Each structure stands twice: as structure tokens, then as C-alpha cells.
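Peer 1: Position one of the sequence shown corresponds to residue 4 (this note's numbering), numbered consecutively onward. Note that CB positions come from ideal geometry on N, CA and C, so glycine has one too. Treat the numbers as computed from the prediction; the structure is a model and nothing was measured. Here's a structure for you.
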Amino acid sequence: MLNPDFFSNLNQEQLEAAAFKDGPAVCIAGAGTGKTRTIVYRAAKLISEGIPPERILLLTFTRKAANNMSERAKQLADSVQGSIRSGTFHSFATYVLKKFYLEAGLKRSFTIIDTSDSKQILGSLRKNYFKNNTYNSKPPTNSTLQKLFSACAAQKLSLKELINTEHTHFEPFLKEILQIKDDYKSYKSENSLLDYDDLLLKTVELFSNDERVLQLISSEQDYIMVDEYQDTNFLQAEMLRLLGHFNHNIMVVGDDSQSIYAFRGAEFKNLSDFPNLFKEAKTFRLTQNYRSTQNILNASNHLISKASEGFKNKLETENPEGSKIAIVPCMNEEQESLFICKRITDFLKSGIKPKEIAVLFRAGYHAFRLEMMLKTINLPFVKWGGFKFLESVHLKDIISYLRIINNPWDKLGWLRVLMDIKGIGLKRATDISEELARSEEPFDFSNIPENFINTELSLLQQTMLQISSQNFTQPSLILNAITDYYLKNVMKKKFDNYTERLKDIDALAAISLSFDSLDDFLTSIILEPPENMQNLNLASQNEQSEDSITLSTVHSAKGMEWEAVFIISAVQGRFPNFKALKSKEEIEEERRLFYVAMTRAKKHLTITLPQEVSDFASNISTSQPSQFISELYCDSCETWKLLP
Numbered sequence: 004m005l006n007p008d009f010f011s012n013l014n015q016e017q018l019e020a021a022a023f024k025d026g027p028a029v030c031i032a033g034a035g036t037g038k039t040r041t042i043v044y045r046a047a048k049l050i051s052e053g054i055p056p057e058r059i060l061l062l063t064f065t066r067k068a069a070n071n072m073s074e075r076a077k078q079l080a081d082s083v084q085g086s087i088r089s090g091t092f093h094s095f096a097t098y099v100l101k102k103f104y105l106e107a108g109l110k111r112s113f114t115i116i117d118t119s120d121s122k123q124i125l126g127s128l129r130k131n132y133f134k135n136n137t138y139n140s141k142p143p144t145n146s147t148l149q150k151l152f153s154a155c156a157a158q159k160l161s162l163k164e165l166i167n168t169e170h171t172h173f174e175p176f177l178k179e180i181l182q183i184k185d186d187y188k189s190y191k192s193e194n195s196l197l198d199y200d201d202l203l204l205k206t207v208e209l210f211s212n213d214e215r216v217l218q219l220i221s222s223e224q225d226y227i228m229v230d231e232y233q234d235t236n237f238l239q240a241e242m243l244r245l246l247g248h249f250n251h252n253i254m255v256v257g258d259d260s261q262s263i264y265a266f267r268g269a270e271f272k273n274l275s276d277f278p279n280l281f282k283e284a285k286t287f288r289l290t291q292n293y294r295s296t297q298n299i300l301n302a303s304n305h306l307i308s309k310a311s312e313g314f315k316n317k318l319e320t321e322n323p324e325g326s327k328i329a330i331v332p333c334m335n336e337e338q339e340s341l342f343i344c345k346r347i348t349d350f351l352k353s354g355i356k357p358k359e360i361a362v363l364f365r366a367g368y369h370a371f372r373l374e375m376m377l378k379t380i381n382l383p384f385v386k387w388g389g390f391k392f393l394e395s396v397h398l399k400d401i402i403s404y405l406r407i408i409n410n411p412w413d414k415l416g417w418l419r420v421l422m423d424i425k426g427i428g429l430k431r432a433t434d435i436s437e438e439l440a441r442s443e444e445p446f447d448f449s450n451i452p453e454n455f456i457n458t459e460l461s462l463l464q465q466t467m468l469q470i471s472s473q474n475f476t477q478p479s480l481i482l483n484a485i486t487d488y489y490l491k492n493v494m495k496k497k498f499d500n501y502t503e504r505l506k507d508i509d510a511l512a513a514i515s516l517s518f519d520s521l522d523d524f525l526t527s528i529i530l531e532p533p534e535n536m537q538n539l540n541l542a543s544q545n546e547q548s549e550d551s552i553t554l555s556t557v558h559s560a561k562g563m564e565w566e567a568v569f570i571i572s573a574v575q576g577r578f579p580n581f582k583a584l585k586s587k588e589e590i591e592e593e594r595r596l597f598y599v600a601m602t603r604a605k606k607h608l609t610i611t612l613p614q615e616v617s618d619f620a621s622n623i624s625t626s627q628p629s630q631f632i633s634e635l636y637c638d639s640c641e642t643w644k645l646l647p
């Protein structure tokens, strides 16, 4: 039963959206308008009206967000029965494919590979091509090939269309790129591998070709809610459309003004197109902002009003007017960094806590000079964005061992592990991994040539057999056993700072405690790897961040908020990024990104404009203020003049 005062915590806009029950709906929720609260209250209301929690499907872009919302909804509804089915599009697709693997044309033991695995495979395939390059341009790298193939899947474009429209400099290599794409598809099929795009693509194909499966999956939930719908790509929107054939109770929530993931294939028009997809869809708008001051909202509204498309949700607030946005031209990056350090110190003296201060930037290298200066004056900080936690070599190694325990025929996992054995190079590791993948029994080395086998390889086999025979169910126990072997036989020889790297493995072990099976653990960290140590929610890390300011890319800051925010390097070529200057669509995306940066601030927003910036080659160049500065100028902004 709901508390009689249940809806007293909602404003009228939130109440209307939360009380809506049957049929399709789209909720346009601006920054800081209580979007999460509205979703939680709607789910709680459905549960209180007798809908079993497990009959509600909540899809969003992070597992943590989905789980938090579902738990809050259950608590509000005072429900102890069942749990809301929550997760990401990729985890939902994985569930479908594991349940109907035969219908999808898959083996039961298919392995999900991450982006770095994909690049590794493409690298081995790429070696067969581009050997006699007679063109003046450079052929695509492994990383670029991966991005091209992913873009094709996300945008429903043929490779030829994509290259002819967006990557014309690769036209001379089109034939080879097409062949590599075919080779990549064959390799994955032969080795039962699915990359991130395959999970969505295979699920959409399954739903499209097998109505029985679509109906069975649709019948598992009565209500579907999707958060951050502006960040969905073609395949995710198509998956939802297909589910809507048998269930129209779909509500999508999002803000097209905050669509900033086009580089991942996100299509911000999915949100505005939803009413066309479901003609009877009801539209709700959340415009009451609870985060920012009136001045910050005035300027950000002014900026986003220049967007050529979208719902144009003008935000309002009852918060005080607050201080004006400070626009601060600086001579160069050194003066910019000095000013920011001084301003941060002033904020700290005024009582603002370090964790309530953030410096945001378009790209990680924009903050290098500031990082050095913060270290010089002993101001602690944490940095978000850039290098990902699980991309570390030692963690990739550990995960490969875990993959082999989970699936002893995982050729890619074996290849990485074998390369750490003394006397085994790429060619021999490839031969051994292919033989192990063909064997009928797990960890069967009987068909491997005797001259390949040495003491270290025999020890690896014995260790894998021993761990496997223990029949551990808890992934943490398996990880501990693997770590013991890895530390003694590989890690100490491979890294001179192995004691520091052990802390990362400890962090991974802490995550594993939340899972009951190794397969679930591996699926989870591959589909949604922690971006960095700051995202692991470890007690020690949280204690450290209490006394640290935050340095973050704008993309990594989405969904966050701070009392005081700095946006640095707001100059043409940096923000907006120089690659976007020739494309209207990309400038629109950069504008939305600038809007996201501005709306992270609660009370204080400072934007700095260095007149001289250093490029990658350390050459000094003059710069012009970002075009977005002129678009946000209004009575809510003031220009500061710094002394030389």
C-alpha cells in the first residue's frame, strides 16, 4: 500500500507522469527536473496497484542506475515480493539470447567479447591486407576498423554507404575493409563470439524473424520503462519497437538537449520520433529545475534555444538568482590554471567542500597543465574519463584466466594467457589455443606437440584443472585462486610495480562478491566495465574522494552535479572540437555537450577562455572564443578581466 502522502513529494508535472498507467508515453525531462524520482514513483505506484515487480522491465544505460531505481521503487511501495527486472539494453539482449540461443543460431556457450578483444581480433586479420599500399593516405587502424563496423550496426548503414558519406579518405581501401569485415564475422561465428553490437543485432534479428520468441519475451512483462532514451541507437529503438507489437505499455524518458553520444551511434531523434512510432503516445514534460540557480538556467536556456531541432524544453526554477556566470578570458593555459587554482582555494575558504567542486573539459589532455599545478600546490583531485579500469594489462590477464575457467574452449582467452608463458610467442600460442578450442575435453593438452610443452605450461594446465575441479560457485573464490597463481608465476616477472597493481585486483575481487556465478560476473563486467577506480564505490575510494575535487570530461560528468563547476578551454577547436567545425550535425552535438556541462552546476559556474593554447606537438597557437560563448551571453553572464 502507498503512503497517503505518497504524491506530496512530486510537483504537478511529475505527478501527471508518475500517475500515468496504460499505453505508450514519452516524458521529456530536462536537467535537474527530478527525472529519476518520477520514474521511481511511477514504478512504485504500479507495484502498489498490484502489478508484480518482476512484471516491470526498467531499461537504462547503467546497471547501477537501474538497480538503484528499482530498489527505491520497492521501498516506496513497501513491497517485499519479487524484484523489478532492471538492466541495460545489452544485458537484456544477453538474457534473450541465452534463453533462446538455438532459435538465434548460437551455441549455448557463446562468449561476449569487449572492445579491446575486438581490436585484437581485427589486428590479426588486418595483417593479411594493406601490404602493398600505393595510395597517399593511411589505411584504417584496428581501432578505426572497430569503430567503422560498430557505426554500421548502430546506424543501419552499409559499410560502403558509411565510407562514401563520412569517411571518404578510406574509399581507396574499401575492397580490403569489406573483406576484413567478412573475415571478422566469420571468425566470430567459428569461435562462438559476440561483440557488443552483435548482442543487439542478434536480438533484433531474432525478434524480427521469430514471432513466437517475440511474443514469449513480450509476455514476461506488463510495463516497460526506458531511461535516457535520447542516447539509444537504431538497434535499441528497433528492439523497443518490436516489443511494442505485443505490449504498448511503454514509457520512454529522456532529454534530447542532453543527447551527447552520437560517436557511439546514439540518435537523439529517437526521442522526438517516439510519438510517430506509437501514434497514441501521451507526452509529458518536466520543466521545473531543482538543481541550478536562475542565472545558470537563463544562460543554458539561451544556449540550447539555438539548437535547430528537438523539443526545446525551457527550464524554470524557484531557486535564487545566484551569482552571474563568470566568463574569464586568460592569456594562456598557465594563467588559466593559476586562476582556477586560486578560485578553487577561494571556494574552499568560503566553506564549499572539495567534493562539491568540478573542473570539466572536452578532452582529457585539456587539463594536463592544470593537473600539474594542482599537484604542485597539493590540492587533491580525482580524474574521470580517459583510460578505462579494465583496459589495464593485468586486469585483462586476470579476466582471460576467468574466461577460460568459465569456458575452457575460449580461444581468445587462451591466446592471451599463453603469451605469458616463457618460450611461447604469438605463432605457438595461436597453434596451442586452436588445438585447445578443438579438444573434446576441457584443458586437454594431449594433442599439443611435446616440444611445445614446458614446465610453465604444465603448471598452467594443472592449475586450471585444479581450480575447475573445485566446483566453486562463488566467482570471488575462483578469482582468489587465479590471483594466487598469477601473482607467483606471472605478475612478479611481468611488472615492477606489481604491488600497486594488486590493489586493482583487490578492487575487482570486491566487485565479484556481488555475484553468485562466474558467468554472471563476467557478463556484467564485460557489458558494463567500471570506467575507473572512482566508479567502483569502494569504501577507501569514497573516503579519498571526500577531500578531492573532480576533474572530468563532460561525457563522464553526465548525470552528476556540483556546487561549483569550471568549464575550461572554451575556445574554437577545443570546445567545440575541431573535428566538428565542418559539420552542422556535429556542431549541434557539441552545443548539447556544452549545455550538459553548464547544467552540472548548482550555484557557481565559471568558463575560462585561454587566448593561447598548446597543440599535441607543443606548438603555441592563438585561439578564438568558443562560438557557444556568444550564444549564451545574456544578463546572467559577466566577463572578468585578469591582471597580467
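Once DSSP output is grouped into helix, strand and coil, what is the label at K170?
Peer 2: A quick correction: the sequence has His, not Lys, at residue 170. Three-state DSSP puts H170 in coil, outside helix and strand.
Peer 1: Give me the DSSP bridge partner(s) of E319.
Peer 2: Q291
Peer 1: Under the rule that 16 or more other beta-carbon atoms within 10 Å means buried, what is A22, buried or exposed?
Peer 2: exposed
Peer 1: To the nearest angstrom, report how far apart F342 and E615 are at their CA atoms.
Peer 2: 15 Å
Peer 1: When the Cα of K282 is compared with those of V29, Y598, S624, H607, which residue comes out closest?
Peer 2: Per the Cα distances, V29.
Peer 1: Three-state secondary structure (DSSP) at E106?
Peer 2: DSSP, read as helix, strand or coil, puts E106 in coil.
Peer 1: CA-CA distance, R75 and I54?
Peer 2: Straight-line spacing of the CA atoms in R75 and I54 works out to 16 Å.
Peer 1: Output the distance between the C-alpha atoms of S629 and I299, rounded to the nearest integer angstrom.
Peer 2: 18 Å
Peer 1: Looking at C-alpha atoms only, which residue of K606, A600, L645, V574 is the closest neighbour of Q627?
Peer 2: V574
Peer 1: Could you give the uninterrupted runs of the beta strand (DSSP E) lying entirely in the segment 82-164, keeping only those of 3 residues or more?
Peer 2: 88-91
Peer 1: If I follow the unbroken alpha helix (DSSP H) through L513, where does it start and stop?
Peer 2: Looking at the sequence itself, residue 513 is Ala, so the reference to Leu does not match. First-last of the alpha helix (DSSP H) with A513: 501-515.
Peer 1: Kindly indicate which residue of M601, L554, S479 has the alpha-carbon position closest to the one of M375.
Peer 2: L554
Peer 1: What span of residues does the beta strand (DSSP E) with K282 cover, start to end?
Peer 2: Careful: K282 lies outside any beta strand (DSSP E) and carries neither H nor E.
Peer 1: Quick check: what's the CA-CA separation for Q15 versus R45?
Peer 2: 14 Å
Peer 1: I380: buried (16+ other C-beta within 10 angstroms of its C-beta) or exposed?
Peer 2: exposed
Peer 1: Three-state secondary structure (DSSP) at R365?
Peer 2: coil
Peer 1: Can you tell which of G85, I328, D550 has its C-alpha closest to the C-alpha of H607?
Peer 2: I328
Peer 1: Would you check if the distance between the CB atom of L196 and the CB atom of L415 is smaller than 9 Å?
Peer 2: yes
Peer 1: Does the distance from the CB of L521 to the CB of N409 come in under 9 Å?
Peer 2: yes
Peer 1: Hey, G37 and L289 are a contact pair by Cβ (cut 8 Å); roughly how many whole angstroms apart?
Peer 2: 6 Å
Peer 1: How do the segment 117-128 and the segment 201-213 stand: do at least 3 beta-carbon pairs fall below 8 Å, yes or no?
Peer 2: Contact fails: fewer than three Cβ-Cβ distances are below 8 Å.
Peer 1: Could you check which residue in L351, N335, E437 has the C-alpha nearest to that of L646?
Peer 2: N335
Peer 1: Measure the beta-carbon distance from L363 to F569 and round it to whole angstroms, keeping in mind my assumption that it falls under 8 Å.
Peer 2: 7 Å
Peer 1: Going by CA-CA distance only, name the one from E324, N483, L246 that's closest to Q297.
Peer 2: When each option's Cα is compared against that of Q297, the closest is E324.
Peer 1: Here's the rule I'm using: 16 or more other beta-carbon atoms within 10 Å means buried, otherwise exposed. How should N292 be labelled?
Peer 2: With a threshold of 16 other beta carbon atoms within 10 Å, N292 meets it and is buried.
Peer 1: Alpha carbons only, please: which of K122, L238, E214 is nearest the one belonging to I183?
Peer 2: Comparing alpha-carbon positions, the option among K122, L238, E214 lying closest to I183 turns out to be K122.
Peer 1: If Q233 and Q261 are in contact, beta carbons under 8 Å, what's the gap, nearest whole angstrom?
Peer 2: 6 Å
Peer 1: Starting from C344, follow the alpha helix (DSSP H) in both directions and report where the run begins and ends.
Peer 2: According to the DSSP assignment, C344 belongs to the alpha helix (DSSP H) that extends over 336-352.
Peer 1: Beta-carbon within less than 8 Å of K587's beta-carbon, same chain only, minus the 5 sequence neighbours each way: which residues are those?
Peer 2: S311
Peer 1: Any chance the segment 170-188 sits against the segment 216-225, with 3 or more Cβ pairs inside 8 Å?
Peer 2: no
Peer 1: Tell me which same chain residues have a C-beta within less than 7 Å of the C-beta of L541, skipping the five on either side of it?
Peer 2: Legend: pLDDT at L541 = 37, less than 50; position of this residue unreliable, value from coordinates given subsequently. A510, A513, listed in sequence order.
Peer 1: Report buried or exposed for Q84, applying the criterion of at least 16 other Cβ atoms within 10 angstroms of its Cβ.
Peer 2: Flag for Q84 reads exposed.
Peer 1: Which of the three DSSP states is assigned to N538 in this structure?
Peer 2: Note on N538: pLDDT 46, under 50, position unreliable in the model; the coordinate value appears next. If DSSP states are grouped into helix, strand and coil, N538 belongs with the helices.
Peer 1: Comparing alpha-carbon positions, which option in I481, L460, Q477, T476 lies nearest I470?
Peer 2: Its Cα nearest to that of I470, the residue I481 stands out among I481, L460, Q477, T476.
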